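What follows is a set of notes on a single structure, which appears directly below.
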Amino acid sequence: MELGVNSSCRQKLFQFRWRLAMLEFKVGGMTCGHCVRAVTNAVHTVVPGADVAVDLNHGVVKIDGDLATIPTEAVIKAIEDEGYKIH
Ligand SMILES: [Cu+2]
0 MELGVNSSCR QKLFQFRWRL AMLEFKVGGM TCGHCVRAVT NAVHTVVPGA DVAVDLNHGV
60 VKIDGDLATI PTEAVIKAIE DEGYKIH
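Pasting the structure below:
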């Protein structure tokens, strides 16, 4: 049987997968560019080359990657070792 997946469905599927592949942390104590670099470097020590986005206004750190392969606990520890609190 042919599954009729139209382009709109494909787009939704893509967005869903995209969200699954995005790791998001609420991180307290980030206030400036130094914090952005410190947190980004901390993540990179665990996941080299990961695409890290830091939103200072909302205190959110987003890591783009395959959730199955990112060692979440190690990432949290690395960020906390830099002196930031994960909420
Ligand atoms: Cu700072």
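Mapping of the sequence shown onto numbering that gives the first Met the number 0: residues 0 to 86, in sequence order.
Where is the CB? At the ideal position from N, CA and C, for every residue including glycine.
If you're wondering where the values come from, they're calculated on a predicted model, not measured in any experiment.
Do you know offhand how far residue i's Cα is from residue j's?
{"i": "Lys61", "j": "His86", "result": "14 Å"}
{"i": "Lys45", "j": "Thr68", "result": "Looking at the sequence provided, one finds Val at residue 45 rather than Lys. Roughly 11 Å between the two C-alpha positions."}
{"i": "Asp65", "j": "Ala49", "result": "10 Å"}
{"i": "Pro88", "j": "Asn56", "result": "Because residue 88 is not part of the residues shown, which for the chain are 0 to 86, the question remains open."}
Of the choices the options, whose alpha-carbon is the least far from that of residue i?
{"i": "Glu81", "options": "Val35, Ala52, Pro47, His57", "result": "Val35"}
{"i": "Ala54", "options": "Asp63, Ala77, Lys25", "result": "For the record, residue 54 in the displayed sequence is Asp; it is not Ala. Checking every option, the nearest Cα to that of Asp54 belongs to Lys25."}
{"i": "Glu72", "options": "Val42, Asp63, His33, Gly58", "result": "Val42"}
{"i": "Ile78", "options": "Thr30, Ala37, Cys31, Gly32", "result": "Ala37"}
Leaving out five residues on either side along the sequence, give the residues of the same chain with a beta carbon under 6 Å from the beta carbon of residue i.
{"i": "Ala52", "result": "Lys61"}
What span of residues does the beta strand (DSSP E) with residue i cover, start to end?
{"i": "Ala52", "result": "50-54"}
{"i": "Val59", "result": "59-63"}
How is the alpha helix (DSSP H) around residue i delimited, first residue to last?
{"i": "Glu79", "result": "71-80"}
{"i": "Gly32", "result": "32-45"}
Kindly list the residues whose CB is nearer than 8 Å to the CB of residue i, restricted to its own chain and excluding five residues on each side of it in sequence; keep chain order.
{"i": "Lys84", "result": "Val26, Gly27, Gly28"}
Starting from the C-beta of residue i, find all residues in its chain whose C-beta is less than 7 Å away, skip the five residues before and the five after it, and write them out in chain order.
{"i": "Thr39", "result": "Val51, Val53"}
{"i": "Gly58", "result": "Lys25, Val26, Gly27, Met29"}
When DSSP builds the beta bridges, which residues end up paired with residue i?
{"i": "Gly27", "result": "Lys84"}
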